[in-house]
Amino acid sequence: MENVERLLMEHPFFQGLDPRYLKEIAGCAREQTFKAGEFVFREGEMSSQFWLIRHGKVSLEIFVPGRGPITFSTLGAGDVMGWSWTVAPFTKQYDGRALELIRTLTFDAMCIRTKCDEEPKLGYELYKRFSQVIGKRLQATRMQLLDFYGHHD
Amino acid sequence: MDTTISMDASATTLDPMRPLPYRVRSCSRETHDTRTLVLEPPRGQSLAFAPGQFNMLYAFGVGEAPISISGDPLERKALVHTVRAVGATSRAICGAKPGQVLGVRGPFGSPWPVEQITGQDVLIVAGGIGLAPLRPAIYHLLAHRSEYGRIVLMYGARTPQDLLYLKELERWRSRFDLQVEVTVDSASGKDWLGNVGVVTTLIPKANVDIHHAAALVVGPEIMMRFTLIELEKLGIPRERMYVSMERNMKCAIGHCGHCQYGPHFICKDGPVFSYARIQALFKTREV
C-alpha cells in the first residue's frame with residue numbers, strides 16, 4: 012500500500028492532492044503492466060476502471076469498418092486514461108491498446124465512487140481534475156477538426 | 003569548412019527586383035503535394051543566407067512566389083527549397099524538372115535569432131510544411147551544438163504520410179543531444195506507433211529549463227496561436243518566443259505593401275518576429 016501511495020504522489024495527475032486523500036484512494040489502486048499490442052480496454056465495455064500511466068504509450072482507437080482501427084490520440088507517462096467512469100452510461104467508447112510495454116496504476120472505479128460519496132470534498136477534488144482532462148481532450152479534438160496544418164504554403 | 007553564417011539579411015542579388023536564373027538540379031518528392039528542389043546558382047553567385055530567410059521563386063510564364071529556404075546555411079554550392087503545391091505558381095515550381103531554369107530573387111527577410119539565443123535551451127515547434135523554414139535553424143543549432151542547452155523539436159502533421167524529411171527526422175531522433183517528438187492528427191493503427199494528437203499536446207512535456215529557453219515556431223497561424231498559448235502556460239516569456247509569419251509577399255523589399263501586417267511589412271520586417279513585437283496584432287482579426 013505504501014508503495015502505491017508513493018507512486019500516486021509521484022504522478023502528475025495527483026500533484027498537490029491532500030495526503031489524507033491519497034492514503035484514502037490508494038486502497039482502490041493496484042500496479043499493473045500490459046504487453047505491447049495488448050488491449051487495456053475495448054469499446055462497449057463497462058467503465059469499471061481508470062488508469063494512471065507511469066510508463067509507455069497507449070493508443071486510443073476507433074474501429075472504422077473498411078478501414079480498420081484508426082488512432083485518434085495517444086497517451087503516455089504522466090497521463091490519466093479513462094474518464095467515462097465519471098458519467099453515465101459508464102461505457103467505453105473506443106479501444107485502448109498498449110503500443111509498447113506499459114505500467115499503470117489501475118483504479119477500481121466503483122471503489123473510488125464509494126469513497127467520493129463518503130467524502131464529498133475528495134469527490135469534488137477528483138471531478139475537478141477529471142474535468143480538466145476532459146476539457147483538454149475536447150480542446151485537442153477541436154484542433155484536430157480545424158485541420159491544424161492544412162493552410163500553410 | 004567555414005562555420006559562420008552571415009546574418010546580413012540584405013539580398014545578395016545586385017538588383018533585388020531582377021531574378022537570376024537558377025538551374026534545377028533535382029526535384030524530390032516529400033509528400034503527395036510537396037517537393038524539395040535543389041537549385042544551382044549561376045556561376046559566381048553567392049548563396050549566403052541566414053536561417054529563416056526566403057527567396058522569391060519565379061516559374062517563367064506562370065508567376066512568382068515567396069518560398070522559405072530549407073537547406074543548410076553552410077552549404078554554398080546549391081540552394082534548397084521545399085515547396086507545397088497549392089496554387090498555379092507553386093504547382094509549376096513543384097513540377098520543375100532537372101535542367102529547367104527558375105528565376106530566383108533574394109534572400110530576403112529577417113532571420114531566426116540563432117546568435118541571440120546562444121546559451122539557451124531551444125524548443126522548436128513545427129506544424130506541417132512549417133518544418134521547412136525551421137530546418138536551416140536546426141542545421142545551424144546542430145553545427146554549433148555546444149553553444150546551446152537542450153534542443154527539443156516538436157513536429158506535427160496531418161498523417162504519417164504528410165511528414166517531411168523522414169530520413170532526416172530518423173537521423174535526428176538517433177542523436178543523444180536532440181529530443182525529437184513527432185505527432186500526427188490521425189493514423190491507422192498498424193502503420194504508426196508514434197504520437198497521435200495535435201502538436202500542442204506535446205508542449206507540456208517539453209524538457210527545457212523555462213528560465214533559459216527560447217522557442218521557434220512555424221506553422222499555419224491557427225497552429226501558432228494555440229502553440230503560443232501553450233508556451234505561455236509553460237512559462238516561456240514572449241520576448242523569447244519567435245514566429246515566422248506569412249502574407250501575400252510580392253516585391254519582397256517593402257515597397258508594394260501587399261504583405262502589410264499592421265505597421266510591419268512581413269517581407270522586410272519579418273518573416274521572423276518575436277511574439278512580444280506582434281502579440282497585439284496576432285490576436286487582431288482580419289489583419
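One line per chain: the protein sequences are G and E, in this order. Counting along the first sequence from 1, when you hit position 12 you're at 23 in my numbering, and nothing is skipped either side. Counting along the second sequence from 1, when you hit position 131 you're at 133 in my numbering, and nothing is skipped either side. Glycine included, C-beta positions come from ideal geometry on N, C-alpha and C.
N-terminal and C-terminal residue of the beta strand (DSSP E) that residue i is part of
{"i": "PHE83(G)", "result": "79 to 86"}
{"i": "HIS142(E)", "result": "First-last for HIS142(E): 133 to 145, but that is the alpha helix (DSSP H), not the beta strand (DSSP E)."}
{"i": "LEU125(E)", "result": "123 to 129"}
{"i": "LEU41(E)", "result": "36 to 42"}
{"i": "GLY108(E)", "result": "103 to 110"}
{"i": "CYS29(E)", "result": "22 to 33"}
{"i": "ARG41(G)", "result": "40 to 45"}
{"i": "ARG114(G)", "result": "113 to 119"}
{"i": "ARG82(E)", "result": "The displayed chain sequence assigns Val, not Arg, to residue 82(E). Element bounds for VAL82(E): 81 to 86."}
{"i": "SER70(E)", "result": "65 to 70"}
{"i": "ALA217(E)", "result": "215 to 220"}
{"i": "LEU155(E)", "result": "153 to 159"}
Span separating the alpha-carbon of residue i from that of residue j
{"i": "TYR135(G)", "j": "HIS22(G)", "result": "19 Å"}
{"i": "VAL98(G)", "j": "GLU234(E)", "result": "32 Å"}
{"i": "ARG160(E)", "j": "GLY27(G)", "result": "36 Å"}
{"i": "MET251(E)", "j": "LYS270(E)", "result": "10 Å"}
{"i": "GLN102(E)", "j": "VAL26(E)", "result": "5 Å"}
{"i": "ALA11(E)", "j": "PRO109(E)", "result": "At ALA11(E) the pLDDT is 43, less than 50, meaning the model places this residue with poor confidence and gives no usable figure here."}
{"i": "PRO265(E)", "j": "ASP164(E)", "result": "35 Å"}
{"i": "ILE231(E)", "j": "GLU170(E)", "result": "29 Å"}
{"i": "ILE131(E)", "j": "GLY54(E)", "result": "13 Å"}
{"i": "ARG53(G)", "j": "GLU223(E)", "result": "37 Å"}
{"i": "GLY89(G)", "j": "LEU149(G)", "result": "18 Å"}
{"i": "GLY259(E)", "j": "ILE268(E)", "result": "9 Å"}
{"i": "ARG78(E)", "j": "LEU41(E)", "result": "11 Å"}
{"i": "GLN60(G)", "j": "HIS213(E)", "result": "39 Å"}
{"i": "ALA87(E)", "j": "ALA61(E)", "result": "13 Å"}
{"i": "VAL85(E)", "j": "GLY105(E)", "result": "15 Å"}
{"i": "SER95(G)", "j": "MET57(G)", "result": "9 Å"}
{"i": "PRO206(E)", "j": "LEU137(G)", "result": "21 Å"}
{"i": "ARG45(E)", "j": "ALA217(E)", "result": "38 Å"}
{"i": "ILE280(E)", "j": "PRO100(E)", "result": "40 Å"}
{"i": "SER30(E)", "j": "ILE95(E)", "result": "12 Å"}
{"i": "VAL289(E)", "j": "CYS253(E)", "result": "19 Å"}
{"i": "GLU129(G)", "j": "PRO80(G)", "result": "40 Å"}
{"i": "GLU42(G)", "j": "TYR277(E)", "result": "44 Å"}
{"i": "TYR160(G)", "j": "MET225(E)", "result": "7 Å"}
{"i": "VAL200(E)", "j": "LEU236(E)", "result": "17 Å"}
{"i": "ARG20(E)", "j": "GLN118(E)", "result": "32 Å"}
Partner residues on chain E for residue i, Cβ-Cβ distance less than 8 Å
{"i": "ARG78(G)", "result": "SER190"}
{"i": "ILE81(G)", "result": "SER188, ALA189, SER190, GLY191"}
Cut-off 6 Å between Cβ atoms - residues of its own chain near residue i, not counting five sequence neighbours on either side
{"i": "GLY73(E)", "result": "VAL82"}
{"i": "ASP211(E)", "result": "ASP123"}
{"i": "ASN197(E)", "result": "THR185"}
{"i": "VAL220(E)", "result": "ALA128, GLY132, PRO135, LEU136, SER246"}
{"i": "VAL291(E)", "result": "Any property of residue 291(E) remains undetermined from this structure, which presents chain E solely from 3 to 289."}
{"i": "ALA40(G)", "result": "VAL15, LEU116, PHE118"}
{"i": "THR120(E)", "result": "GLU149"}
Contacts of residue i in chain E (Cβ-Cβ under 7 Å)
{"i": "LEU110(G)", "result": "LEU195"}
{"i": "THR85(G)", "result": "ASN197, VAL198, GLY199"}
Interface residues of chain G facing residue i [CB-CB closer than 7 Å]
{"i": "THR224(E)", "result": "Reading off the sequence, residue 224(E) comes out as Ile, not Thr. Within chain G, the residues near ILE224(E) are LEU157, PHE159."}
{"i": "PHE228(E)", "result": "MET154"}
Residue range of the alpha helix (DSSP H) that includes residue i
{"i": "GLU54(G)", "result": "First-last for GLU54(G): undefined, no H or E at that position."}
{"i": "TRP94(G)", "result": "Note, TRP94(G): premise wrong, no alpha helix (DSSP H); not H, not E."}
{"i": "TRP62(G)", "result": "Per DSSP, TRP62(G) belongs to no alpha helix (DSSP H); it is in the beta strand (DSSP E), 60 to 66."}
{"i": "ARG31(G)", "result": "30 to 37"}
{"i": "GLN281(E)", "result": "277 to 284"}
{"i": "THR229(E)", "result": "223 to 236"}
{"i": "GLY146(G)", "result": "131 to 156"}
{"i": "ASP106(G)", "result": "Premise fails: ASP106(G) lies in the beta strand (DSSP E), 106 to 109, not in any alpha helix (DSSP H)."}
{"i": "ALA98(E)", "result": "Taken as a continuous stretch (DSSP letters only), ALA98(E) belongs to no alpha helix (DSSP H), as it is neither H nor E."}
Chain C residues whose Cβ lies nearer than 8 Å to that of residue i
{"i": "GLY108(E)", "result": "Protein chains G and E are contained in the structure displayed, whereas chain C is not."}
Cβ neighbours of residue i in the same chain (closer than 7 Å, five flanking residues each side left out)
{"i": "PHE56(E)", "result": "PRO68, ILE69, SER70, ILE71, GLY108, PRO109, PHE110, GLY111, PRO273"}
{"i": "ALA189(E)", "result": "THR161, PRO162, VAL198"}
{"i": "THR91(E)", "result": "ALA61, VAL64, GLY65, GLU66, ALA67"}
{"i": "THR6(E)", "result": "Model confidence at THR6(E) stands at a pLDDT of 40, short of 50, so the residue's coordinates are unreliable; what they give is reported in the following sentence. Once the five neighbours on either side are set aside, THR6(E) has no close Cβ partner at all."}
Beta-carbon contacts of residue i that lie in its chain and below 8 Å, excluding the five residues immediately before and after
{"i": "THR85(G)", "result": "LYS68, VAL69, SER70, LEU71, LEU110"}
{"i": "VAL51(G)", "result": "PHE45, TRP62, VAL69, MET92, GLY107, ARG108, ALA109, ILE113, THR115"}
Residues that residue i contacts on chain E, provided the C-beta gap is smaller than 9 Å
{"i": "SER70(G)", "result": "ALA189, GLY191, TRP194, LEU195, VAL198"}
Under 9 Å, CB to CB, which of the residues in the segment 183 to 209 of chain E have a partner in chain G? THR185, VAL186, ASP187, SER188, ALA189, SER190, GLY191, LYS192, TRP194, LEU195, GLY196, ASN197, VAL198, GLY199, VAL200, VAL201, THR202, THR203, PRO206, LYS207
Could you please tell me which residues of the segment 80 to 106 of chain E, in chain order, have their CB closer than 9 Å to any CB of chain G? VAL85, ARG86, ALA87, VAL88, GLY89, SER92
Closer than 7 Å between beta carbons: that is the criterion. Which residues of the segment 149 to 161 of chain E meet it against chain G? GLY158, ALA159, ARG160
Residues in the segment 137 to 151 of chain G with C-beta within 7 Å of chain E's C-beta atoms, listed in sequence order? ALA151
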